[in-house]
Structures are given as C-alpha cells and as structure tokens.
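Here this note's numbering is used: the first residue of the sequence shown is 32, the next is one more, and so on.
Shown next, in structure tokens, is the structure this report addresses.
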Amino acid sequence: MCQNCVPFGTYTQDLFEVSRWLKECDVDTVAIESTGVLWIPLYEHLSEQGFDVCLVNAKHIKNVPGKKTDVLDCQWLQQLHTYGLLQGSFRPKEEMVQLRSLVRQRAMLIESRSRHIQHMHKALQQMNVRLDRAVSDVTGKTGMSIIRAIIDGEKNSRQLATFRDGRCRLSEEEIAKALEGNFRDDHLFALKQAVELYDFYTQKIVDCDIKIESRYAILHPEFHQDLPALPAAKKHNKVGNQPHFDLQSDLYQLCGVDLTAIEGVSTLTVQTVISEIGLDMSVWPTAAKFARWLGLAPNNQITGGKVIKRGTSKVTNRATQALRMAAQSVYRSDGPIGRFYRRIKRKHGPQVAITATAHKLARIIYALLKSKTPYQPQLLDDYEVKREKYRLHLLHKQAQKLGYDLTPIQS
C-alpha cells in the first residue's frame with residue numbers, strides 16, 4: 032500500500048522517482064499548483080510520462096485559515112482534485128509553448144535594450160547634447176551615426192550635423208546648434224558603454240528572430256498552403272522592433288487568416304497573441320468566455336442585488352496587454368474600430384475605452400480564428416449605420432413624448 036504523503040527532492044533524478052512512485056500507486060491524473068516557475072520541470076516531466084496533469088491557479092484552492100504547511104497544502108489539493116472541484120489552467124500545445132518561450136525571450140531582450148537607450152539619452156543630456164530635439168528617434172540612422180561619431184572623438188557640432196538624413200525635419204544649422212555640448216570624459220565613457228550594450232542586445236534580438244523563424248519552419252505542417260496572396264500594401268508594412276524576416280507571411284500561413292487586416296493589429300501583436308493562446312479556439316466555447324479569460328469582460332461584484340464594485344478581473348496576460356496596446360493605437364484611426372474607441376472615450380473616459388476596444392478586438396480575433404474567414408470591416412460599418420438609425424428612432428420617440436417634433440436641418 033502506498034503511503035499517503037511522500038517527500039521528494041527537486042533534482043531531475045527525483046522527478047523520475049516521482050513518476051515511478053505515481054505509477055506504482057496507479058495514479059493517472061495529477062494536480063499541480065502553479066507558483067512562479069517552480070512547477071514547470073515537474074509539469075513537463077509528468078506530461079512526457081503520460082500523466083494527465085491539471086495545472087491549478089493558486090487563487091482557486093485557498094484553504095480555511097490555520098496552519099499552512101506543504102503537507103497540508105498537497106493533501107487539500109488532492110482532496111479537491113478527487114471531488115472534481117479543480118479547473119485546470121489553460122496551457123497551449125507543446126509546439127506553441129516553445130514558440131511562446133521564444134516570443135517572451137524576445138520581449139525581454141527588447142525591454143533590456145530599451146533601458147540602454149535611456150542610458151544613452153541620459154549621457155547625452157549630461158553633456159547638454161540635445162540630440163533628442165534634433166531628431167525624432169536617437170536610434171534611427173541619423174541619431175546613431177551622430178552618437179557613434181561622438182564616441183569616435185568627433186566634437187565639432189557642424190561636422191556632426193553632416194550626418195543628417197535628407198528626411199530630417201530640421202536643417203543642418205539647427206541640428207548643429209543642438210549638438211553643441213560639454214564632452215566630458217566620464218560622460219563619453221558612459222555613452223560608449225550604453226551604445227555597446229545597445230548593440231549587444233540588438234544582435235541578440237537578431238539571433239532570437241532566427242530561432243523564432245526556425246520555429247515557424249517546424250510548425251510548417253500546420254500551414255495553410257492554398258491561401259490567396261497577401262495584399263502588397265500590407266505586406267511591406269513596417270513597425271518598430273519588426274523582426275528580420277517575413278513574419279506576416281508566416282503568421283498568415285499558420286493562422287489561415289490575415290489578422291493584421293484588423294484595424295490597429297500589427298504583426299507583433301498577432302505573434303504575441305497567437306503564441307499565448309494558440310490556434311485551437313475550441314478551448315473557449317464562446318467569444319464571451321474567451322474575453323473573460325483575457326480579463327476584458329465585466330466582472331461586477333453584486334451583493335443583495337446591488338452592484339458594489341464594477342470593473343474587469345485582474346489578469347496578468349501578455350495577450351491582454353498586446354490587445355490593450357493595439358486598442359490604444361486606434362485613437363486617430365478613421366475605421367470602425369477607431370470610431371468605436373472615440374465614442375466610448377467621450378462617454379466613459381480613455382481607460383474604459385481601451386478595455387472596451389480591446390474586448391472588441393479579442394472577439395474579432397476569436398471569430399476569425401474559429402471560422403477562418405477574412406476580416407470584413409464593412410460588417411462593422413453596417414452595424415454602426417443600424418445603431419445610428421436606432422438612436423435616431425429613440426430620439427424621435429422621446430421628442431414625441433415631450434410634445435415635440437424633430438425636424439432635420441436643411442444643409
């Protein structure tokens with residue numbers, strides 16, 4: 032007979048001991064609490080050994096107050112799992128998990144590189160070299176040429192201004208005026224190290240892009256080969272931090288539909304969302320449940336029939352963050368989603384507008400991935416027309432109740 036509770040170590044050989052002991056006890060399903068990253072080695076090992084692993088959110092298994100130990104926690108977890116009360120957390124297929132790890136690694140590298148861009152700004156400002164006023168992006172062609180010339184010993188502002196690209200808004204004279212400064216040795220040393228670290232992370236991002244591209248090649252059997260060609264106007268669309276390969280084509284073939292056709296959604300947004308949620312939309316029965324999982328649906332707290340707190344669930348999800356960024360980018364867009372954002376913003380403010388627009392984007396992505404049909408913005412336009420007609424109907428009805436008659440203004 033197996034013991035009720037057996038302690039194991041955390042080394043790899045101990046993981047094999049765990050799986051061996053579970054098989055001796057005729058166990059076929061295991062519940063694991065997701066805490067940090069400590070659960071990943073055990074989860075992956077047990078999955079490879081053929082166990083049905085249920086990854087549980089720690090918030091969903093809180094015990095009654097009292098003594099808290101690892102033994103009591105594991106026994107409580109086992110009891111809940113026995114009664115079928117545990118709901119496993121979503122985890123994509125193994126192929127997507129590996130892509131997700133690479134995409135997250137790339138995001139970490141970009142974040143690290145951005146810190147050294149800030150260090151470059153700081154060193155330049157300490158020298159009173161206002162390169163940030165001379166060019167819109169110090170990491171662009173003109174900005175980096177000037178910075179590298181400063182590191183190489185060039186201090187003549189007029190000579191530095193000759194690196195100006197023809198597309199720059201300011202003239203050489205105006206740029207030269209901004210580049211006059213105090214080139215102290217300590218500030219130059221700090222600038223040099225910041226540039227070296229910037230170059231280091233830039234190369235690591237390129238290496239990561241190569242690895243991500245190879246991962247798409249491994250996913251090639253899932254590609255849709257009979258898709259129409261991408262529109263030329265969309266195919267050459269460039270954004271900041273764009274990968275060094277044709278990411279849009281790979282995503283188009285993988286998803287079976289062009290998600291970048293959606294207003295405000297870039298290739299990097301699609302890559303982040305797909306790597307986090309996968310391609311199997313059957314995990315979420317409806318678009319509403321998908322939006323709730325993302326933390327973009329209302330989660331009002333109601334007591335005694337009264338709403339005591341409004342808002343969405345607090346969810347830490349990279350897909351949610353990407354959709355919120357995409358929603359924020361449509362502020363000046365002339366499309367239907369941009370008009371939706373501005374309408375909500377006028378009524379409820381920017382934060383609610385971002386959440387509502389991200390919710391709409393999530394529903395659209397869910398529908399496109401599930402049906403594999405192209406994005407049709409005219410459907411949203413038709414909805415807006417119907418909505419305006421209904422709004423006008425309500426205004427006429429309200430005016431009649433008050434004894435008035437609405438008359439359109441003759442233009």
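Heads up, the beta-carbon is just placed ideally off N, CA and C, and yes, glycines get one too.
Nothing here was measured: the structure is a model prediction, and the numbers come from that model.
Which of helix, strand or coil DSSP assigns to Ala-328: coil
Would you kindly work out how many angstroms separate the C-alpha atoms of Gln-409 and Ile-368, rounded to a whole number? 11 Å
Is His-147 buried or exposed, if buried means 16 or more other CB atoms sit within 10 Å of its CB? buried
Taking only runs that begin and end inside the stretch 336-378, name each unbroken alpha helix (DSSP H) of 4 or more residues, in chain order. 349-359
Euclidean distance between Cα positions of Arg-418 and Ala-165: 47 Å
With three or more beta-carbon pairs closer than 8 Å as the criterion, would you say the stretch 87-98 touches the stretch 106-118? yes
In chain order, what residues of the same chain have a beta carbon less than 7 Å from the beta carbon of His-424, not counting five sequence neighbours either side? none
For Val-102, which of helix, strand or coil comes out of DSSP? helix
Which of the three DSSP states, helix, strand or coil, is assigned to Ser-306? helix
Measuring CA to CA, which of Glu-294, Ile-141, Lys-235, Leu-77 is closest to Asp-412? Glu-294
Span separating the alpha-carbon of Leu-299 from that of Leu-278: 8 Å
Rounded distance between the beta-carbons of Gly-212 and Val-169, thought under 8 Å: Actually they do not touch by this definition, with Cβ atoms about 14 Å apart.
How about Asp-196 and Thr-233: do their beta carbons lie closer than 8 Å? no
Can you tell me which of Gly-97, Phe-121, Asp-104 puts its alpha carbon nearest to the alpha carbon of Val-84? Phe-121
Using 8 Å as the threshold, is the stretch 224-242 in touch with the stretch 131-146, meaning 3 or more CB pairs across them? yes
Burial state of Cys-239, where buried means 16 or more other Cβ atoms lie within 10 Å: buried
Drop a sphere of 10 angstroms on the beta-carbon of Ile-236, count the other beta-carbons inside from all chains shown, and report buried for 16 or more, exposed for fewer. buried
In this structure, how does DSSP classify Cys-199 when only helix, strand and coil are distinguished? coil
In terms of residue numbering, what span does the beta strand (DSSP E) encompassing Ser-65 cover? 60-65
Given that a residue counts as buried once 16 or more other Cβ atoms are within 10 Å of its Cβ, and exposed if not, what is Pro-381? exposed
When Gly-366, Lys-98, Gly-336, Ile-63 are compared against Tyr-406, the one with the closest alpha-carbon: Gly-366
If Ala-393 and Leu-325 are in contact, beta carbons under 8 Å, what's the gap, nearest whole angstrom? 6 Å
Taking 7 Å as the cut-off, does the CB of Cys-239 come closer than this to any heavy atom belonging to the ligand FAD? Of ligands this structure carries none, so the ligand FAD is not represented either.
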